[in-house]
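Worksheet: the structure to be examined is printed underneath.
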Amino acid sequence: MREIGYQEIVDTVARLSMEVNYYLGDDLLAALRRAKEEEESPLGREVLDQILENAQVAAEEQMPLCQDTGMTVIYLELGQEVHLVGGDLTEAVNEGVRRGYEEGYLRKSVVENPFSARMNTKDNTPAVIHTEIVPGDRLKITVLPKGGGSENMSYLKMLSPAAGRQGVIDFVVESVHKSGANPCPPTIVGVGIGGTADKAMDLAKRSLLREVGAPHPDPEVAELEGDILEAVNRLGIGPMGFGGQVTALAVHVDTFPTHIASLPVAVNLQCHSARHKSAVL
Amino acid sequence: MRVTTPLTDEVIEKLHAGDKVTITGTIYVGRDAAHKRMMEALDKGEPLPFDPQGQIIYYMGPAPAKPGQPIGSAGPTTSYRLDPYTPRLLAEGLKGMMGKGNRSQKVREAMQKYKAVYFAVVGGAAALIAKRIKSAQVIAYEDLGPEALRRLEVEDFPAIVVNDIYGGDAYEEGKTRYARTA
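Protein chains in written order, with my numbering: chain W, 1 to 281; chain L, 282 to 463.
Shown next, in the form of structure tokens:
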């Protein structure tokens, strides 16, 4: 057994919460630069320039890339040989979020009583925490702050198996089309296919953690990603919806076996400020 | 085109979908919760916390200001959520809205009726946008935190006209121009 302490988790979540909101990943920056090369619309290129300049200013001044620093989604991969000491794991994560959002001048964007009073919790907690028990003696912590604008553009459809591959493509393209400028394109289109309703959405969101544009290891899935990306970028929505070729930077699909009666498809759109960061303890 | 607030009909008549503008002067900031409270005030026959005549509302909830700065990152939020409230504010004299994303048919019609313009600001460029804000002050609903109603002084604040008073729509026009068939 290897021991990991409460405070180490708090400190790591706090640090990741701040860093993830100031710095974009190199893979995303490269994808945005490629998009600028490809984009024919002058206004679209100008928007991409502003996005890249914003990333530079945010990093230099340690300012949030976007004022929407998200509801904090946290993925934990906890080795089964880890012994957690000094306190409760969920509380450690929430304390980390609390500290990171306060010290980092990040916006507190969480309200309780969602359908009624909607009072701000004032510290961005609770985080949405997904914990997986895995082999080994490490704890991997991933922070993905998800903005409301793109999260609101989420879709789930329980297709009939007969709808097949084309049914999946049509549903995803239609979802991106009706989202228009709302989710801050160019987006990363997260798609989950299979499992149950909840599993499909989980797959869609987790796919956003992949290196931007890296194809799925299964060639059949990678081909589907390519076909959806092409169809999405024919829509003409473009950067921030002002028209253009680059509506999505990438389509990430993940799959899971499903029930004989089902073909669940979930779409979780990620804005161009695609922020996530991990650390291993 | 350089625009100063408050907006006059003469200026609004010159603005067309797709125009790039910079805005200088006072603007107001409010999003979901502040709009709900403003509607409640109107329902009770109470005055709004500011006179909307000729003014612009920016749909935004800023990140906290660091010491010595007027405001934190300050990009737009998605506008459709404010659609249910907008026609009523236009009837009260509001002349402009700034945010991102499409507006409803009802809002677009009300904009033509009351002569108002909808501007888009580049979403996610929030650190850059904050540089154009010279001062910020909470004027009402302080308990709402990031959703409080604010007054800003802005200088050369960049925006793009999405919906004008002639029925133009920059999103639709852009999409039509660049859409391709398989």
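Glycine residues also receive a C-beta, built at the ideal position from the N, C-alpha and C atoms.
Just so we're clear, the structure is a prediction, and the values are computed from it rather than from any experiment.
#1: Tell me which residues of the stretch 151-182 of chain W have at least one Cβ-Cβ distance to chain L shorter than 8 Å, keeping chain order.
#2: Examine chain W for any beta-carbon lying closer than 7 Å to the beta-carbon of Asn383 (chain L), and answer yes or no.
#3: Taking Arg2 (chain W) and His83 (chain W) to be in contact with their CB atoms under 8 Å, please state how far apart those CB atoms are, rounded to whole angstroms.
#4: Drop a sphere of 10 angstroms on the beta-carbon of Thr187 (chain W), count the other beta-carbons inside from all chains shown, and report buried for 16 or more, exposed for fewer.
#5: Exposed or buried, Arg113 (chain W), counting other C-beta atoms within 10 Å across all chains shown (16 or more means buried)?
#6: By the 10 Å Cβ neighbour count, where 16 or more other Cβ atoms means buried, how is Val85 (chain W) classified, buried or exposed?
#7: Among W:Phe115, W:Thr142, W:Arg107 and W:Ile133, which one has its Cα closest to the Cα of Thr125 (chain W)?
#8: Count the other CB atoms within 10 Å of the CB of Gln402 (chain L); is the residue buried (16 or more) or exposed (fewer)?
#9: Which residue comes first and which comes last in the beta strand (DSSP E) that contains Arg2 (chain W)?
#10: Can you name the residues that DSSP bridges to Met119 (chain W)?
#11: For the beta strand (DSSP E) holding Met379 (chain L), just list the boundary residues, first then last.
#12: Name the DSSP beta bridge partners of Arg283 (chain L), please?
#13: Name the chain L residues that come within less than 9 Å of Asn124 (chain W), Cβ to Cβ?
#14: Could you spell out the range, first to last residue, of the beta strand (DSSP E) harbouring Gly194 (chain W)?
#15: Should Ser416 (chain L) be flagged as near chain W, meaning a C-beta pair shorter than 7 Å?
#16: Residues of the stretch 302-328 of chain L with a CB closer than 8 Å to any CB of chain W: list them in chain order, please.
#17: Can you find the residues in the same chain that come closer than 7 Å, C-beta to C-beta, to Tyr361 (chain L), ignoring five residues on each side of it along the sequence?
#18: In chain L, which residues lie with their C-beta within 7 Å of the C-beta of Gln245 (chain W)?
#19: So, is the C-beta of Gly262 (chain L) closer than 7 Å to a C-beta in chain W?
#20: In angstroms, rounded to a whole number, what distance separates the CA positions of Leu78 (chain W) and Gly100 (chain W)?
#21: Looking at Ile293 (chain L) and the ligand FMN, is the gap between the Cβ and the nearest heavy atom below 6 Å?
#22: In angstroms with no decimal places, state the Cα-to-Cα distance between Val143 (chain W) and Gly326 (chain L).
#23: Pull up the CB-CB distance for Val442 (chain L) and Gly299 (chain L), whole angstroms please, since I reckon it's below 8 Å.
#24: Do you know how far the Cα of His252 (chain W) is from the Cα of Arg210 (chain W)?
#25: Pick helix, strand or coil for Ala355 (chain L), following the three-state DSSP scheme.
#26: Using 7 Å as the threshold, is the C-beta distance between Leu76 (chain W) and Thr131 (chain W) below it?
#27: Taking only the alpha-carbon atoms, compute the straight-line gap between Lys140 (chain W) and Lys277 (chain W) and give it to the nearest angstrom.
#28: If you pair each beta-carbon of the stretch 86-97 of chain W with each one of the stretch 439-456 of chain L, do three or more pairs fall below 8 Å?
#29: In its own chain, which residues sit with a C-beta less than 6 Å from the C-beta of Gly311 (chain L), not counting the 5 before and 5 after it?
#30: Under 7 Å between the Cβ atoms of Lys456 (chain L) and Gly243 (chain W)?
#31: Of the residues that make up the stretch 331-347 of chain L, which ones have a beta carbon closer than 8 Å to any beta carbon in chain W?
#32: Distance check for Ala266 (chain W) and Gly353 (chain L), CA to CA, integer angstroms please.
#33: Run down chain L in chain order and give the residues with a C-beta less than 7 Å from the C-beta of Thr69 (chain W).
#34: Reducing DSSP to helix, strand and coil, say where Phe171 (chain W) ends up.
#35: Over what stretch of residues does the alpha helix (DSSP H) that includes Ser150 (chain W) continue unbroken?
#36: With DSSP run on the structure shown, which of helix, strand or coil describes Leu65 (chain W)?
Let's see:
#1: Asn152, Gly180, Ala181 and Asn182
#2: yes
#3: 7 Å
#4: buried
#5: Here the sequence assigns Asn to residue 113 (chain W), which means Arg is not the residue at that position. Looking at its Cβ environment, which holds fewer than 16 other Cβ atoms inside 10 Å, Asn113 (chain W) is exposed.
#6: exposed
#7: W:Arg107
#8: Checking the displayed sequence, the identity of residue 402 (chain L) turns out to be Val instead of Gln. Flag for Val402 (chain L) reads buried.
#9: Arg2 to Gly5
#10: W:Glu112
#11: Gly377 to Gly380
#12: L:Thr303
#13: Correct list: empty, because the minimum Cβ distance to chain L is about 10 Å.
#14: Thr187 to Gly195
#15: no
#16: Ala314
#17: Gly382, Asn383, Arg384 and Ser385
#18: Tyr459
#19: Shown here, chain L extends from 282 to 463; a query on residue 262 (chain L) therefore has no answer.
#20: 21 Å
#21: Here there are no bound small molecules, and the ligand FMN is not part of this structure.
#22: 46 Å
#23: 6 Å
#24: 8 Å
#25: coil
#26: yes
#27: 11 Å
#28: no
#29: Ile338 and Leu430
#30: yes
#31: Met341, Gly342, Pro343, Ala344, Pro345, Ala346 and Lys347
#32: 34 Å
#33: Ala344
#34: helix
#35: Gly148 to Glu151
#36: coil
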